[in-house]
Structures are given as structure tokens and as C-alpha cells.
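What follows is a set of notes on a single structure, which appears directly below.
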DNA sequence: CGACTGATGTCAGCCACAGACATCAACCTA
DNA sequence: TAGGTTGATGTCTGTGGCTGACATCAGTCG
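So, in C-alpha cells, the structure goes:
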């Protein structure tokens with residue numbers, strides 16, 4: 194007989210999402226979450242650096258997928274082609290089954306500025322490490338940071354669309370469309386009918 | 194004879210920057226900052242939503258400058274031209290005299306993740322309002338968000354370079370260079386010597 | 001002259017979070 | 001198999017961020 198149930202971290206994450214969704218983030222104390230799964234506040238903070246982190250723990254896998262996409266690009270690929278590969282790889286980390294969960298999670302985050310800060314911080318961290326990966330491929334600054342940041346932006350826009358009620362396309366499909374828009378952004382004259 | 198000295202907010206901001214720079218952000222309590230200028234902790238929190246905000250209060254003017262740049266662009270400008278105008282306008286908000294102050298402030302922020310989160314949140318907020326301004330100019334999604342986010346990124350990269358030790362060029366000059374790099378990003382084939 | 005306003009102080013309290021130490025089942029080792 | 005070790009947890013206690021309620025008092029205005 195074990196002294197404690199296994200999977201404490203996962204149980205805490207599930208309980209936290211549910212409580213945050215019903216009562217709201219600020220109206221839920223860390224003690225509430227811990228007690229909901231038969232643990233104490235102290236144990237909660239042993240698993241998560243702070244109260245917000247319970248919603249973000251585990252993103253390393255997503256970042257890893259993004260970086261794998263960077264490495265998967267052919268060695269002579271342009272910066273934009275590399276981030277295309279990275280965005281595509283990252284997108285496959287969110288299969289359609291995850292959509293309902295992602296929607297719920299995002300609706301919690303949207304309602305709280307403190308959680309938005311954490312999310313933006315994670316996104317910025319992704320861009321930073323992606324820029325480093327691009328640099329190690331020989332891409333120089335500021336192109337590396339520019340490309341990495343654009344990749345994070347493209348993914349963010351695509352993800353927001355993927356989450357939208359009624360959207361049925363896969364994340365990878367949407368992301369590819371957004372990427373195309375980015376390419377058009379800097380070359381609008383060729384697609385436009387007016388000349389300057 | 195007045196009961197209290199005027200300019201409480203500004204005095205708090207100055208004292209906070211100094212204390213954060215010497216002792217560190219976490220090692221400085223809100224009470225420390227308040228007492229340094231002869232006020233109480235309660236008064237500190239009446240002027241600033243939270244302890245971090247003392248370093249960010251007043252950015253509205255910067256955001257305003259950015260948006261003025263958006264409005265200043267000719268009505269038939271492309272999204273990229275609009276953000277070029279915005280970035281240029283925002284850059285003029287940081288004349289060279291402000292460089293030492295900005296360096297000090299940024300070195301404090303760099304050393305603390307919580308402060309970085311707040312900074313990224315502000316940057317994201319800027320991109321969001323800029324995207325709205327672009328939309329009201331008739332630019333559709335996702336181009337509006339893409340362009341706004343790119344503008345924020347360009348400014349961020351330029352600002353980081355402007356702050357660097359030894360850098361002498363003006364922020365506007367650097368920003369213009371970074372913007373050029375962004376344009377090259379999505380059209381590398383034309384500038385490169387290899388064809389694909 | 002008295003009501004009013006606005007920035008501040010005082011007091012009390014909640015909660016996020018952390019250090020120090022105890023507990024106890026599972027495991028390991030002689 | 002006795003006894004030490006490990007690792008996740010609980011208990012206790014304290015600090016600091018932040019807030020609501022109320023008091024104070026200089027200057028202002030009617």
C-alpha cells in the first residue's frame with residue numbers, strides 16, 4: 194500500500210483548471226486547489242513555482258517540437274523556410290482532439306492579466322531559444338531574432354484562429370495560411386493593382 | 194505650508210529605480226521605496242497597481258507616439274509602410290539623452306523575470322492596440338496583427354541595440370536598418386545569389 | 001466660517017510563497 | 001531481517017505584496 198496517490202502534479206493541474214474555470218483564477222486559492230485533490234498548499238508549491246505555473250507546466254514539450262522543426266529544415270533553407278518548418282512541427286503538437294481542452298484553458302487565461310503575462314513570457318522565451326537555434330544554423334542577427342519572433346507570432350495567430358468557435362481546419366492548415374500572409378506582407382506591391 | 198511634498202509619484206519612481214539597481218528588485222520591499230521618500234507603503238500602492246508597475250508607469254505616452262505614427266502614414270500606404278511610420282515616430286520618443294537612463298532601467302529589468310513578464314505584457318498590449326489602429330485603416334486580419342506584431346518586434350530589436358554599450362547611432366537610425374532587414378527576410382531570393 | 005475635497009496615514013487582514021523540520025512507506029543493504 | 005536511506009508529503013512559522021475601511025488634515029469653495 195502506497196502512502197500517497199501517484200500523479201500528484203497531474204491531479205493538481207486538472208483540479209486547478211476546473212476551479213479556475215468555474216470560480217475564476219483570483220477567487221481560487223492555492224489551498225483550494227491542493228485540498229481538492231487531498232494535498233496541502235505546501236505540496237502545491239513544491240510542484241509549481243507559483244500559482245500561475247500550474248496552467249503552464251509541461252510546455253517544454255511544445256518548445257521541443259518547435260526546435261525539432263528548426264533542425265528538420267534542410268541546411269540551405271532560408272530563414273523563412275526554417276520557421277515554416279518549425280511552425281509546422283509545433284502545430285502537429287496540437288491534434289484536433291486537444292481543441293476542446295485548449296479552448297477551455299485559453300478562456301481562463303483570457304480572463305486574467307496575470308495569466309496573460311505568463312503566457313507572453315513563455316512565448317517570448319520560445320522566440321529567444323528559437324533565435325538561438327537559428328544563429329547556430331549560421332543565420333546572423335538581426336535576421337535570426339526577426340525570423341524567430343515572426344515564427345512565434347504566426348503560431349500565435351494561427352492558434353487563436355484554431356481555438357475559435359466554429360473553426361474546423363487543423364492547426365497546421367491554418368498556420369500555413371498565416372505564413373503565406375506574412376510573405377505577402379512585405380511584398381504587397383506585386384499582389385496589388387496599384388504601382389508606387 | 195503644504196501638508197505633503199508634491200510629485201509623490203515621480204519621487205517614488207526615482208527612488209524605486211535607484212533601490213532596485215543597487216539592492217535588487219526582490220531584495221527591495223515596497224515599504225523600503227516608500228520610506229525612502231517619506232511616504233508609507235499604503236501610499237505606494239495607491240500610485241501603482243503593484244510593485245513592478247513603478248518601473249512602467251507612464252508608457253502611455255510612448256504608445257501614443259507609436260499610434261500617432263500610424264495615423265501619420267498616408268492613407269494609401271502599405272501595412273509595412275504604416276508600421277515604418279509608427280516605429281519612426283516611437284523612436285523619436287527616445288532621444289539620445291535618455292540613453293543612460295534607459296540603460297539603467299533595462300539592466301534592472303533584465304535581472305528579474307517578473308519584470309520581464311511585465312515588459313512583455315506591455316509590448317503585447319502595444320501590438321494589440323496597434324493592430325486595432327491598422328484595422329480601422331481598412332487593413333484586414335491577419336495582416337493587421339502580423340504587421341503590428343512585426344512593428345513591435347522591430348522596435349524591440351532596435352531598442353536593444355540602441356542600449357548596447359558603445360552604440361552611438363540614434364534609435365531612429367537603428368530602427369530603419371532593422372526594418373530593412375525585415376523586408377529582406379521574406380524576399381531573400383532576390384537578394385541572394387542562389388536560386389530556388 | 002463651515003462643508004468639501006484629495007492626498008495621505010493607520011489598522012487589520014488575506015493570501016502567495018519559502019525555510020526548517022518531522023513523518024513514513026518503499027527500497028536498499030549488510 | 002534489522003536498520004539506514006530516500007523521496008514525497010505534512011506541519012509550523014514567518015515575510016511581504018496588496019486591499020478595505022476609516023481617520024486626518026491642508027487647502028478650497030460656497
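Protein chains in written order, with the numbering used here: chain A, 194 to 389; chain B, 194 to 389. Backbone N, C-alpha and C define an ideal beta-carbon position, used for all residues, glycine too.
Under the Cβ distance rule, residue 371 (chain A) counts among the residues neighbouring chain B, one pair being separated by less than 7 Å.
The contact set of residue 281 (chain A) on chain B, defined by CB atoms closer than 8 Å, is empty, because the minimum CB distance reaches about 17 Å.
Interface residue (Cβ-Cβ distance to chain B less than 7 Å): residue 360 (chain A) is not classified as such.
Assigned with DSSP and collapsed to three states, residue 352 (chain B) falls in helix.
For the options A:216, A:242, A:236 and A:212, the alpha carbon positioned closest to that of residue 200 (chain A) is the one of A:236. Taking a C-beta distance under 7 Å as the contact criterion, residue 347 (chain A) and residue 364 (chain A) do not qualify as a contact pair. A direct Cα-to-Cα measurement between residue 207 (chain A) and residue 321 (chain B) gives close to 31 Å.
Nearest in C-alpha terms to residue 325 (chain A), of all of A:342, A:232, A:359 and A:220, is A:342. Spanning the alpha carbons of residue 368 (chain B) and residue 306 (chain A) requires a straight line of approximately 30 Å.
Chain-order list of chain B residues neighbouring residue 310 (chain A): 310, 311, 313 and 314, by C-beta distance under 8 Å. Straight-line measurement puts the Cα of residue 328 (chain A) at about 6 Å from the Cα of residue 337 (chain A).
DSSP, read as helix, strand or coil, puts residue 335 (chain A) in coil. In the pairwise beta carbon analysis, the region 250 to 270 of chain B is classified as not touching the region 265 to 279 of chain A: fewer than three pairs are separated by under 8 Å. Excluding the 5 residues flanking it on each side, residue 344 (chain A) has same chain C-beta neighbours closer than 7 Å at 276, 279, 280 and 323, in chain order. In the structure shown, residue 327 (chain A) falls within a helical segment according to DSSP collapsed to helix, strand and coil. The beta carbon of residue 356 (chain A) sits closer than 8 Å to those of 292, 295, 296 and 299, all from its chain and outside the five residues before and after it, given in chain order.
In the DSSP annotation of this structure, the continuous segment of the alpha helix (DSSP H) that includes residue 261 (chain B) starts and ends at 253 to 265. Inclusion of residue 221 (chain B) and residue 213 (chain B) in the CB contact set at 7 Å is warranted, their separation being smaller than that value.
Taking the beta carbon of residue 324 (chain A) as reference, no residue of chain B falls within 7 Å; the closest one sits roughly 10 Å away. Chain-ordered, the chain A residues with CB closer than 9 Å to the CB of residue 340 (chain B) read 378. Of the residues A:233, A:195, A:248 and A:240, the one whose Cα lies closest to the Cα of residue 209 (chain A) is A:248. Within a 10 Å sphere around the beta-carbon of residue 224 (chain B) sit fewer than 16 other beta-carbons, which makes this residue exposed. Using a 10 angstroms sphere on the CB of residue 312 (chain A), the tally of other CB atoms reaches 16 or more, which defines it as buried. Separation of residue 283 (chain A) and residue 258 (chain B) (C-alpha to C-alpha, rounded to the nearest whole angstrom) is 36 Å. The Cβ atoms of residue 256 (chain B) and residue 319 (chain B) sit closer than 7 Å to each other. Comparing C-alpha distances from residue 250 (chain A) to each of A:315, A:359, A:303 and A:234 shows the shortest one belongs to A:315.
Taking the Cβ atoms as the reference, residue 350 (chain B) lies roughly 5 Å from residue 335 (chain A), within the contact range of under 8 Å.
In the structure shown, residue 286 (chain A) adopts coil according to DSSP, grouped into three states.
Interface residue (Cβ-Cβ distance to chain B less than 7 Å): residue 219 (chain A) is not classified as such. Residue environment for residue 215 (chain B): exposed (fewer than 16 other C-beta atoms within 10 angstroms of its C-beta). At least one CB atom of chain A sits nearer than 7 Å to the CB of residue 374 (chain B). Membership of residue 250 (chain B) in any alpha helix (DSSP H) is not indicated, and neither H nor E is assigned to it by DSSP. Secondary structure at residue 268 (chain A): coil, using DSSP grouped into helix, strand and coil. Annotated as proximal: residue 378 (chain A) and residue 339 (chain B), with beta-carbon spacing under 7 Å.
At least 7 Å separates the CB of residue 270 (chain B) from every CB of chain A. At a cut-off of 7 Å between beta carbons, residue 346 (chain B) contacts chain A.
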